[in-house]
Each structure stands twice: as structure tokens, then as C-alpha cells.
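Asker: This is the structure I have questions about; it appears just below.
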Amino acid sequence: MSSQVEQLEAALKAAIGRAISNGEISGQSPHSITLERPKNRDHGDYATSVALQLAKAAGKNPREVAQIILNQLKGLDSISALDIAGPGFINITLNRSSQAELISIILKAGKDFGHGSALAGVRINLEFISANPTGPLHLGHTRWAAVGDALGRVLSAAGADVTREFYINDRGNQMDLFGASVEAAALGKAIPVDGYQGQYISDLAAQVVAGNPAIISLPEDARHPAFREAAYAVQLKDQQRVLDNFGTHFDIWFSERSLHDEGAVEHGVEKLRTKGHVFEEEGATWLRTTDFGDDKDRVLTKSDGSFTYFSSDTAYYINKRERGFDICIYMLGADHHGYVGRLKATAACAGDDPEYNIHVLIGQLVKIMEGGQEVKLSKRAGTIITLEELVEKTGVDAARYTLIRYPVDTPMVMDIDVLKRNTNENPVYYVQYAHARITAVLRNAAELKISVDLKGFDSSQLTHDRENELLGKLAEFPRVVASAAEMRQPHRIARYLEDLAGTYHGFYADCRVLPMGEENATPLHIARLLLCTSTKVVIANGLDLLGVSAPERM
RNA sequence: GCGCCUGUAGCUCAGUCGGAUAGAGUACCCGCCUUCUAAGCGGGUUGUCGCAGGUUCGAUUCCUGCCAGGCGCGCCA
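Per this note's numbering, the very first residue in the first sequence carries number 28; after that it's consecutive.
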């Protein structure tokens with residue numbers, strides 16, 4: 028894949044190893060060498076600062092160390108120039124035609140280009156959204172609906188075996204209150220104190236009654252659960268429909284009730300008890316999470332014998348691990364960050380490594396602007412914005428892309444008015460436009476009956492600076508995907524795509540791709556068309572990782 | 001009080017395991033479509049990287065303290 032980079036890294040490492048065994052440098056060989064792409068193109072295609080890092084232990088100045096490494100670094104025909112710059116950076120310039128070989132690598136890999144094996148064999152449970160089935164999904168869920176889905180795709184691309192899971196909080200007081208609210212609405216009675224308000228409750232009531240008119244005349248003690256269950260079913264189905272429309276799909280919808288029905292909660296408590304972190308006090312059963320850094324111990328079973336919400340969470344974690352997942356990723360809103368400590372402590376209590384087996388991502392809240400004003404979200408005032416409404420206003424691609432584009436630990440502001448615009452203020456269009464533009468060029472090539480085939484590819488044709496720049500950018504894609512997966516940051520893909528799109532537009536402006544007029548297609552035209560095709564593949568693959576479409580025309 | 005997140009250009013934000021002259025978009029000014037999608041390209045202007053110390057060849061990045069903003073700290077769910 029990016030084998031050139033890997034080869035270079037290996038060659039550097041070998042060169043350092045030889046210098047050390049010669050005694051030219053003292054110290055240890057670093058466990059890994061990182062090549063970076065310099066911001067400034069005068070610094071070559073790749074650069075490394077190993078010489079600076081080794082200088083101290085070697086007792087020599089960094090430029091000397093760099094020279095020693097270079098002396099050992101011979102016989103790589105893919106390199107056209109090696110320079111020592113500044114305090115001791117080694118700058119590497121690749122042989123251009125060798126760099127152009129990337130095109131055949133991309134075209135042969137196709138949809139798989141960018142995929143890697145860093146997480147091969149790792150089973151990951153990715154849990155996100157996990158809303159109560161007591162109302163529509165709103166803005167607070169929307170960020171995760173987009174980012175969680177993209178992260179799932181990115182982790183899969185890194186080779187992980189990913190299961191996306193939605194935990195349905197379908198148990199407890201809130202469900203009863205929800206049922207009672209819908210029931211009251213159906214019967215024309217007042218909504219209970221602390222009950223659920225809003226138009227959607229009346230709508231649900233109407234749907235429930237329409238689906239089963241006899242429900243109203245049930246005796247009271249049968250009517251109450253009947254309303255709760257019917258409303259639950261309708262609301263859950265609605266959430267599933269909205270997410271499906273948003274392009275976010277789950278492998279498992281996991282019911283909290285099912286944990287209790289199958290005795291998993293008791294099982295979880297017993298398992299923790301065998302690990303020695305459970306104790307009884309004041310009639311309640313506790314988990315000593317303070318053994319592992321939590322700020323207070325947590326109750327598993329209340330003094331009245333019933334289970335706490337925390338006990339469900341604990342049991343659910345244990346259940347996931349027993350189902351064979353190596354890593355459990357939780358994506359929570361900032362208003363739940365207080366749970367991180369106890370979740371990690373729970374994992375530790377279960378005998379797991381909280382640094383590896385569990386990973387909690389905290390997403391800061393999203394603010395929304397419309398008409399130049401912040402929309403204050405308030406259930407009481409009826410100004411909640413649902414995921415569905417957001418999509419209606421902006422479209423799936425713009426909403427998803429914008430939500431994914433920022434790291435989740437920064438609070439973000441979504442400006443609805445900007446998202447509605449089809450301009451460059453809306454970066455999704457910038458990227459999509461590049462894809463559509465390439466597609467148009469390739470369409471025209473097909474009409475001219477130019478055969479765009481690797482057989483006719485002469486890599487030495489690509490000598491223009493713009494071509495070189497574009498090739499370099501394409502070569503970065505696999506590393507971007509790998510780091511997005513490793514750091515759980517899908518926004519890196521989006522930023523990369525914007526960068527790549529910009530590089531392509533620059534190439535397009537300066538390099539004519541198709542023959543003009545009656546001109547025949549030359550090897551240069553073919554090579555450029557193949558470069559375009561490669562770029563199209565990478566943009567499409569990147570957008571796919573975000574769940575955003577790659578349009579053929581715009 | 002304790003804990004988590006944030007503070008980078010007028011605005012919205014990137015910034016790879018600590019690297020070279022801190023970057024995009026937007027806004028503002030100036031150029032570029034008698035041949036491939038101008039939703040584009042090129043050029044110009046914009047910085048106390050919140051403040052103060054520390055670690056080192058080197059800090060926007062790591063550590064400590066402080067300032068400002070957001071959020072959270074139930075035998076609730």
C-alpha cells in the first residue's frame with residue numbers, strides 16, 4: 028500500500044542500526060522511525076528528525092549524526108535526493124516516476140485503498156446514541172449518530188471487527204411515566220406531573236389508539252402497561268426509521284430489559300463478588316469502585332432489593348466482554364462525563380484493563396444557530412430540534428459532514444443557514460465538487476474514446492509540480508485512515524479530504540487533462556487521466572468512511 | 001469545593017508521537033472561463049497560539065499554577 032513509506036522507514040532504521048554497530052553513533056536505535064510530510068515543499072517529499080533525537084545520546088551534533096545516517100543510507104533507487112537541513116533534519120525527495128507507481132497501487136486496490144490491518148483481529152463493541160425510547164432523537168443525539176457511524180467505518184477500515192450497538196434504556200420510572208403521559212393524552216386527561224409534554228405525545232397517542240382502538244376500554248391495570256408497550260414500540264420504530272434515513276445503521280439494538288429478563292444483572296453482581304470488590308452496607312450491595320480511582324463507591328442493589336441503573340450498566344459491560352469483545356467503546360455526551368470514572372473502575376473491578384478494554388469518548392454539546400441567533404434548546408418551550416428536522420433543513424450529507432468535521436471534544440456551533448447554502452462555506456460541497464469534477468473529466472474522456480488503462484501508463488510522464496503534489500497527498504491517505512482509527516477521530520478523514528480536494532483543484536487549474544480539439548491522446552494525457560481516476564478513488568473511499576455520498580454530477 | 005472539556009487571524013475552526021517561517025475556510029482587495037464542471041484557481045492583508053513559570057537542542061503541543069467560558073458530581077433514570 029504505502030509501501031514506499033514503509034520501505035523508507037525500514038531503510039532508515041537499518042542505516043541507523045549499521046551506524047550504531049559500527050560505533051559511529053552511540054546509543055540505542057529508536058523503536059520506530061517516523062517520516063513526516065513537511066509543510067514546506069522545499070523540504071522534500073518526506074522528512075525525519077531522528078538525527079536530532081539521537082544527537083544527545085550520540086554525543087555529537089545533530090548535523091553530524093544526520094550525515095552518518097546518510098552515509099549508511101545507500102542503494103535506494105526510489106530516492107532522488109537526500110539533504111540535511113536546518114538543525115539536522117533529513118529531507119528525502121523521491122524519484123518522481125517511482126512516486127507515480129502509487130497510481131497502480133491505488134487502482135489495483137480500488138475500494139480497499141486506505142484500508143489497513145492495524146486493528147486486525149480486534150473485536151470492538153461500539154456503543155453510541157443509546158437514547159431512551161421515550162421521544163424523538165434530538166440534536167444531542169445527532170452528533171453521535173454521525174460521528175459514531177463514521178468511527179465504526181473507520182475502525183472497520185483499520186481491520187477491526189466492529190459491532191455497532193444501540194442500548195435501549197427501556198426500563199424504569201421513565202418508561203412508566205412515558206406510558207402514563209401517552210395514555211393521558213389518549214384519554215384527554217391532564218399529563219402527569221413530571222410527565223412528558225409536547226405535540227409528539229399526542230401524536231403517539233393517536234397512533235397507538237389507531238393501531239388498537241380497543242386499548243381505551245381496557246381495565247385500568249391492563250391499560251397502563253398496554254399504552255406503555257404500544258407507545259414504546261411506535262417510538263422505537265420511529266427512531267430506527269430516522270437513523271436509517273440518516274445512514275446510520277446498528278448491528279444490535281440491545282434492550283436493557285433483556286439484561287434483567289435473562290438474569291444478566293444478578294450474574295454481573297456475582298461475577299464482581301468473586302473478584303472481591305462487592306460489599307454490603309446499610310442493607311444495600313455496593314461495588315467498591317474507589318479501589319480504582321472512582322470518587323465514591325456505587326450501589327448495585329438498593330436496600331429495598333431493587334437494582335440501580337448502575338447495576339444495569341455494570342452487567343451490560345460484563346455481558347459485552349462475555350460476548351467476546353476485546354474493546355468496548357462508549358460514546359457519551361458531556362453531560363455524562365461523570366460516568367467515565369465509574370465505568371473505568373467497573374472494568375477494573377471485573378479484572379479488566381481499563382486502559383485497553385474500555386474506551387470512553389466524551390462529546391461536547393452542539394449549539395445551533397439559525398437566523399443569526401442561537402436556538403435555545405428547551406423541552407418546555409418546545410424548541411427541541413430533532414435529528415429529523417435537522418436533516419429536512421440541511422440534507423443528510425451536509426448535516427453528517429459538518430458534525431463529523433470537528434473533533435468531538437470541542438464544543439461546536441452549527442449554523443443552519445450556512446448548511447442550507449450550496450457554497451464553499453459549506454465544506455462538504457468543496458469535497459463533493461472535486462469528485463463530480465473528476466467524474467466529468469472521465470466522462471468526457473470516455474466520449475473521446477480514450478482508453479484509460481494501466482497498460483498504457485508511463486509513470487515518467489508525471490513531472491509537473493502539481494502532479495507531484497497530488498501524488499504525495501494521495502500517498503498520505505492510508506496513514507490518515509490508520510491514525511483516525513487509532514485516535515478514534517474520524518474528523519481527520521474530513522480534514523484530509525478538504526486538503527486533497529484543494530490539491531486536486533490546483534492540479535486541474537494548471538494541468539490540462541484531456542487532449543484539445545483534434546489532438547490525439549498522448550501518454551501524458553493517459554497518465555493524467557489515471558491520476559484523476561486515482562484521486563476519484565481516494566475521495567470516494569474517504570467520503571464513504573464518513574457516510575457521505577460522492578456525487579457523479581453536481 | 002472536586003472532576004472533565006475548551007481558549008490559535010475580525011468570525012468559524014485545523015494543527016500528526018514535541019519539529020523547520022503556526023495553517024485552512026470565511027470576510028476584504030486584485031487578477032483568471034472565445035476548449036476538460038468558476039460550487040473552481042492564483043496573488044495580497046490579518047496572530048502576545050488565554051496569562052505566568054518549568055522540562056529540552058527545540059513547546060501551540062508535555063508538566064505546574066492562575067484567569068475566562070461550558071459541563072458534571074443521587075440507594076434518579
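For each residue, glycine too, the CB sits at the ideal point set by N, CA and C.
For Y343 and G222, I'd like the C-alpha separation in whole angstroms.
Answerer: Looking at the two C-alpha atoms, the distance is approximately 28 Å.
Asker: Would you give the residue range spanned by the beta strand (DSSP E) that E397 belongs to?
Answerer: E397 -> beta strand (DSSP E) spans 393 to 397.
Asker: Would you be able to state if there are at least three C-beta pairs under 8 Å between the segment 89 to 108 and the segment 36 to 54?
Answerer: Short answer: they touch.
Asker: For my contact list, S338 and V296 are in at a C-beta cut-off of 8 Å; report their separation, rounded to the angstrom.
Answerer: About 7 Å separates the two Cβ atoms, so the contact holds.
Asker: Is the distance from the Cβ of G71 to the Cβ of N122 below 8 Å?
Answerer: Cβ distance not < 8 Å, so G71 and N122 don't count as in contact.
Asker: Would you kindly report the start and end of the unbroken alpha helix (DSSP H) that includes N495?
Answerer: Segment 492 to 513, the alpha helix (DSSP H) holding N495.
Asker: Looking at C-beta atoms only, is the number of pairs between the segment 181 to 201 and the segment 152 to 169 that lie closer than 8 Å three or more?
Answerer: Judged by Cβ distances under 8 Å, the segment 181 to 201 makes contact with the segment 152 to 169, as three or more pairs qualify.
Asker: Consult DSSP for S29 and reduce its assignment to one of helix, strand or coil.
Answerer: Low per-residue confidence applies at S29: pLDDT is 47, beneath 50, and the placement is therefore not dependable enough to give any value.
Asker: What residue does the beta strand (DSSP E) around A425 start on, and which one ends it?
Answerer: Per DSSP, A425 belongs to no beta strand (DSSP E); it is in the alpha helix (DSSP H), 423 to 431.
Asker: Sorted by chain position, which residues of the same chain lie with C-beta nearer than 7 Å to S29's C-beta, five sequence neighbours on each side aside?
Answerer: Model confidence at S29 stands at a pLDDT of 47, short of 50, so the residue's coordinates are unreliable; what they give is reported in the following sentence. A502, P505, R506, listed in sequence order.
Asker: By the DSSP assignment, the alpha helix (DSSP H) with N200 in it spans what residues?
Answerer: Here the alpha helix (DSSP H) through N200 covers 200 to 214.
Asker: Using 8 Å as the threshold, is the segment 34 to 43 in touch with the segment 122 to 142, meaning 3 or more CB pairs across them?
Answerer: No, because fewer than three Cβ pairs between the segment 34 to 43 and the segment 122 to 142 fall closer than 8 Å, the two stretches do not touch.
Asker: Hey, R150 and D353: beta-carbon distance below 8 Å or not?
Answerer: A contact, by the Cβ cut-off of 8 Å.
Asker: Quick one: residues in its chain with C-beta nearer than 8 Å to the C-beta of V32, no 5 flanking neighbours on either side, listed in chain order?
Answerer: Excluding residues within five positions, the ones whose Cβ falls inside 8 Å are L62, Y73, A502, R506.
Asker: Restricting to Cα atoms, I'd like to know which of F534, G360, A311, D485 is closest to D331.
Answerer: Ranking the options by Cα distance to D331, first place goes to A311.
Asker: Over the uninterrupted beta strand (DSSP E) stretch that includes L153, give me the two end residues.
Answerer: Counting along the chain, the beta strand (DSSP E) containing L153 begins and ends at 150 to 154.
Asker: Output the distance between the C-alpha atoms of F205 and V235, rounded to the nearest integer angstrom.
Answerer: Their backbone Cα atoms lie some 13 Å apart in a straight line.
Asker: Mind listing, in chain order, the continuous alpha helix (DSSP H) runs of no fewer than 4 residues lying wholly within the segment 78 to 136?
Answerer: Listed in chain order, the complete alpha helix (DSSP H) runs (minimum 4 residues) inside the segment 78 to 136 are 89 to 99, 123 to 127, 129 to 136.
Asker: Which runs of the alpha helix (DSSP H), 4 residues or longer, sit entirely within the segment 246 to 273?
Answerer: Those alpha helix (DSSP H) runs which fall completely within the segment 246 to 273 and span 4+ residues are 247 to 273.
Asker: Looking only at its chain, what residues have a beta carbon closer than 8 Å to the beta carbon of Q34, apart from the 5 residues adjacent to it on each side?
Answerer: Only L103, S105 meet the Cβ criterion.
Asker: Return helix, strand or coil for A74, following the three-state DSSP convention.
Answerer: Here A74 sits in strand by DSSP.
Asker: Jot down the residue ranges of each uninterrupted beta strand (DSSP E) in the segment 310 to 391, minimum 3 residues, whole runs only, in chain order.
Answerer: Fully enclosed beta strand (DSSP E) runs of 3 or longer: 311 to 314, 325 to 328, 354 to 360, 385 to 390.
Asker: Does the separation of the CB atoms of R348 and D379 fall below 8 Å?
Answerer: Cβ distance < 8 Å, so R348 and D379 count as in contact.
Asker: Thinking just about the alpha-carbon of each residue, which of E283, D424, A536, C376 is nearest to the one in T275?
Answerer: It is D424 whose Cα lies nearest to the Cα of T275.
Asker: Could you name the residues of the same chain whose beta carbon sits closer than 8 Å to that of D318, not counting the 5 residues immediately before and after it, in chain order?
Answerer: Excluding residues within five positions, the ones whose Cβ falls inside 8 Å are H304, A372, A375, C376.
Asker: Hey, how far is the Cα of P564 from the Cα of S576?
Answerer: It is worth fixing the name first, because residue 564 is Val in this sequence and not Pro. Looking at the two C-alpha atoms, the distance is approximately 13 Å.
Asker: Could you pull out every residue in the same chain whose Cβ sits closer than 7 Å to the Cβ of E579, ignoring the five residues on either side in sequence?
Answerer: Around E579: A463, T466.
Asker: What separation, rounded to the nearest whole angstrom, lies between the Cα atoms of V445 and V468?
Answerer: Each residue's alpha carbon lies about 29 Å from the other.
Asker: Which term fits Y357, buried or exposed, when burial requires 16 or more other beta carbons within 10 angstroms of its beta carbon?
Answerer: The residue in question, Y357, is buried, as its Cβ has 16 or more Cβ neighbours within 10 Å.
Asker: Spatial neighbours of D321 within its chain, please: CB distance less than 7 Å, with the 5 preceding and 5 following residues excluded, ordered by chain position.
Answerer: Closer than 7 Å at the Cβ level, and outside the excluded window around D321, lie G368, R369, A372.
Asker: Please confirm if the segment 167 to 181 is in contact with the segment 510 to 518, defined as three or more CB-CB distances below 8 Å between the two stretches.
Answerer: In short, these stretches touch, since the Cβ pair count reaches three.
Asker: Hey, which unbroken runs of the alpha helix (DSSP H) at 4 residues or more fall wholly within the segment 451 to 482?
Answerer: 454 to 474, all fully within the segment 451 to 482.
Asker: Rank A472, S53, D69, D265 by C-alpha distance to the C-alpha of A82 and give the top, closest one.
Answerer: Comparing Cα-Cα distances from A82 to each of A472, S53, D69, D265, the minimum goes to S53.
Asker: Quick one, which of Q99, P65, A108, P114 has its alpha-carbon nearest K87's?
Answerer: Checked all of Q99, P65, A108, P114; the closest Cα to K87 is P114.
Asker: Please check the pair A172 and L572, which I expect to be a contact at CB under 8 Å, by giving their CB distance rounded to whole angstroms.
Answerer: That pair is no contact at about 16 Å.
Asker: Report the partner residues of I195 according to the DSSP bridge assignment.
Answerer: Partner(s): S282.
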